[in-house]
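Q:
Protein chains: 2
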Amino acid sequence: MVTPTKPLAKTPAARPVVEADRLTEAIELLFFAYRDFISDPDEILARYDFGRAHHRVVHFVGRNPGITVAELLNILRITKQSLARVLKQLIERGFVEQETGKQDRRQRLLYLTAQGRELEQRLAAPQRARVAAALEKAGPGAGEAWRTVLLELVNEEDRAEVERRIAKAAAEQR
Amino acid sequence: MVTPTKPLAKTPAARPVVEADRLTEAIELLFFAYRDFISDPDEILARYDFGRAHHRVVHFVGRNPGITVAELLNILRITKQSLARVLKQLIERGFVEQETGKQDRRQRLLYLTAQGRELEQRLAAPQRARVAAALEKAGPGAGEAWRTVLLELVNEEDRAEVERRIAKAAAEQR
DNA sequence: CATTTTATGTCAGCCATGTTGACATATTTT
DNA sequence: AAAATATGTCAACATGGCTGACATAAAATG
Chain A
-7 MVTPTKPLAK TPAARPVVEA DRLTEAIELL FFAYRDFISD PDEILARYDF
43 GRAHHRVVHF VGRNPGITVA ELLNILRITK QSLARVLKQL IERGFVEQET
93 GKQDRRQRLL YLTAQGRELE QRLAAPQRAR VAAALEKAGP GAGEAWRTVL
143 LELVNEEDRA EVERRIAKAA AEQR
Chain B
-7 MVTPTKPLAK TPAARPVVEA DRLTEAIELL FFAYRDFISD PDEILARYDF
43 GRAHHRVVHF VGRNPGITVA ELLNILRITK QSLARVLKQL IERGFVEQET
93 GKQDRRQRLL YLTAQGRELE QRLAAPQRAR VAAALEKAGP GAGEAWRTVL
143 LELVNEEDRA EVERRIAKAA AEQR
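Heads up: the sequence lines are chains A and B, in that order. When we follow my numbering, the leftmost residue of the first sequence carries the number -7, and every step to the right adds one. When we follow my numbering, the leftmost residue of the second sequence carries the number -7, and every step to the right adds one.
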């Protein structure tokens, strides 16, 4: 016989590029990691009587000062009615402010207030710490691999935009 | 002066292990990746009139045949009332079945029916494809880095259990 | 310039899925 | 026999998605 019924030990013979088991593990790990990752800011948000929806808005407005409502909707992939609810609260309570667009006066450009920036920092701190620790633990090169895999998980048609967006936003952080 | 105010070009001098920009990127990418990753099964679920909560139950019951309600609750981190709602529907419609525990007759061990396994496979297929493509694109070693980083993102107190669980479940997949 | 399109806001109501609190039942443990 | 455990269930509520309809101001267009 040419091929044994079971692969020998750890020899990678004619196996698929990524084995099914590994794939299932990867999918499951993503669930667990995300579960705990997003749990970090919850306690902080509760103190402000905000939820995760507020967090997302604060994050993306912070990362993209002057972002329009339409752009924010495209990032979050929710309806304007859903966004309006949390955005209204953030504005009323002084975490976000609007400014009429100069070229296009229909647009409402969004900015964090000083208070908003403070909240953003508080929310980001534990997540940064968690990710930093994980990347360090995984050793050099892990950051790059991580970045590549995550980017490839994004829908192909949105990938270029996401790439541009994270680069642009990083450059804008004065 | 000993230390220049700005690090020179790309020379990794006395920089933090993971720079702030990279961290922010990583956090943001996780959002985008997860957003698209979980969007895959939505269309399929809608055909069955199920939601993401059903997906999670089907996944973890499929991965852990004979899992108890308590274990499932510990994985999902939701209340038993929330679980009961979706579990009831899955049982009524013949995707999940219960069996009284043999050692402990208070327990209700959960299993997928044939129909349930079929649904599980359908839901998993696009996610597997997406992850497989991403890992391939990221090259050899990416899978290992990915695994390590994700595992390190899990709460420290739950890490051992998650590790054990994904290993055990993989072994159990007959 | 009149018309259409666009960016945004808002009202009203529905649905999925999370929460708390209270209580019931069967079974196991002490 | 009593206490603890695993599960189920009822009721009420909150968050954050959704659809549909309609309003306004500003820009773009023929």
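Note that beta-carbon positions come from the ideal geometry of N, C-alpha and C, so glycine has one too.
Secondary structure at Glu89 (chain B), three-state DSSP: helix, strand or coil?
A: DSSP places Glu89 (chain B) in strand when its eight states are reduced to three.
Q: Report yes or no: do the stretch 97 to 105 of chain B and the stretch 86 to 99 of chain A share at least 3 C-beta pairs separated by less than 8 Å?
A: With a cut-off of 8 Å, the stretch 86 to 99 of chain A and the stretch 97 to 105 of chain B do not count as touching, because too few Cβ pairs lie within range.
Q: Counting Cβ pairs closer than 8 Å, one from the stretch 44 to 59 of chain A and one from the stretch 102 to 110 of chain A, do we hit at least three?
A: The stretch 44 to 59 of chain A, when compared against the stretch 102 to 110 of chain A, does touch it at the 8 Å Cβ threshold.
Q: Leaving out the 5 sequence neighbours to the left and right, which residues in its chain are closer than 7 Å to Thr(-3) (chain B) when beta-carbon positions are compared?
A: Residue placement at Thr(-3) (chain B) is flagged as unreliable, the pLDDT there being 41, under the threshold of 50; a coordinate-derived value is accordingly withheld.
Q: Counting Cβ pairs, one atom from each stretch, are 3 or more of them under 8 Å apart for the stretch 128 to 141 of chain A and the stretch 133 to 147 of chain B?
A: These segments touch.
Q: Quick test of your reading: Phe29 (chain A) and Leu22 (chain B), contact by CB under 8 Å. State the CB separation rounded to the nearest angstrom.
A: Their Cβ separation, rounded to whole angstroms, is 7 Å, which keeps Phe29 (chain A) and Leu22 (chain B) in contact under 8 Å.
Q: Counting along the chain, where does the beta strand (DSSP E) carrying Arg167 (chain A) start and finish?
A: The requested residue 167 (chain A) does not occur in the structure, where chain A is confined to residues -7 to 166.
Q: Use the C-beta contact count for Glu20 (chain A): other C-beta atoms within 10 angstroms, 16 or more gives buried, fewer gives exposed.
A: By the neighbour-count rule (16 or more Cβ atoms within 10 Å), Glu20 (chain A) is buried.
Q: Using CA atoms only, rank isn't needed, just tell me which of B:Asn66, B:Gly58, B:His46 is closest to Asp150 (chain B).
A: That would be B:Asn66, whose Cα lies nearest to the Cα of Asp150 (chain B).
Q: Going straight from the alpha carbon of Val(-6) (chain B) to that of Glu155 (chain A), what length do you get?
A: With a pLDDT of 43 at Val(-6) (chain B), under the threshold of 50, the modelled position of that residue is not reliable, and no figure is offered here.
Q: List the DSSP bridge partners of Ile59 (chain B).
A: The partner list for Ile59 (chain B) (beta bridge, DSSP) reads B:Leu102.
Q: Locate the alpha helix (DSSP H) running through Arg14 (chain B), then write down its first and last residues.
A: Unbroken alpha helix (DSSP H) run through Arg14 (chain B): 12 to 29.
Q: Going along the chain, which residues of its own chain have a beta-carbon closer than 8 Å to the beta-carbon of Lys72 (chain B), five neighbours each way excluded?
A: Cβ within range, chain order: Val61, Leu65.
Q: Does the beta carbon of Ala130 (chain A) sit closer than 8 Å to a beta carbon anywhere in chain B?
A: Yes, Ala130 (chain A) counts as interfacial toward chain B.
Q: Excluding the five sequence neighbours on either side, which residues of its own chain have a C-beta within less than 7 Å of the C-beta of Ala134 (chain A), listed in chain order?
A: The residues are Leu127.
Q: Report the neighbours of Asp34 (chain A) on chain B: residues whose CB is nearer than 7 Å to its CB, in chain order.
A: Near Asp34 (chain A) there are no residues of chain B at all, since even the closest Cβ is about 11 Å away, more than 7 Å.
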